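Numbering (our numbering), first residue to last: 20 to 87.
Ideal Cβ positions, reconstructed from N, Cα and C, are used throughout, including at glycine.
Here the structure is a predicted model, which is why all the values come from computation and not from measurement.
This report concerns only the one structure given below.
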Amino acid sequence: MERISLDVKGMHCDNCVNTVADALKGVDGVKLARVSLDQERADVTYDPSRASVDQLKEAVKSAGYEVA
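In structure tokens:
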């Protein structure tokens, strides 16, 4: 398992946080996704043999948010 922190822009409420977390958890290989509205960050624990950083970023973008 690996961990990564992604900067997420565009979240304004708890619903946004849940949307981003759900999008990340929907990626095959993601074990844990913790999203912070205050820090504008998503901390993700994932299996790199099943998920890539690009897939994680694409999941956030597909949910309607900016990611760095």
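Item: Residue closest to residue 53, alpha-carbon to alpha-carbon, out of 68, 25, 83 and 86; Value: 25
Item: Collapsed DSSP secondary structure at residue 43 in the structure displayed; Value: helix
Item: Which listed residue (67, 55 and 76) has its alpha carbon closest to that of residue 43; Value: 76
Item: Cβ-based burial, residue 78 [other Cβ within 10 Å; buried from 16]; Value: buried
Item: Rounded separation between residue 64 and residue 32 - CA only; Value: 23 Å
Item: Cβ-based neighbour list, residue 85, same chain, cut-off 6 Å, excluding 5 preceding and 5 following; Value: 28 and 29
Item: According to DSSP, residues forming a beta bridge with residue 28; Value: 85
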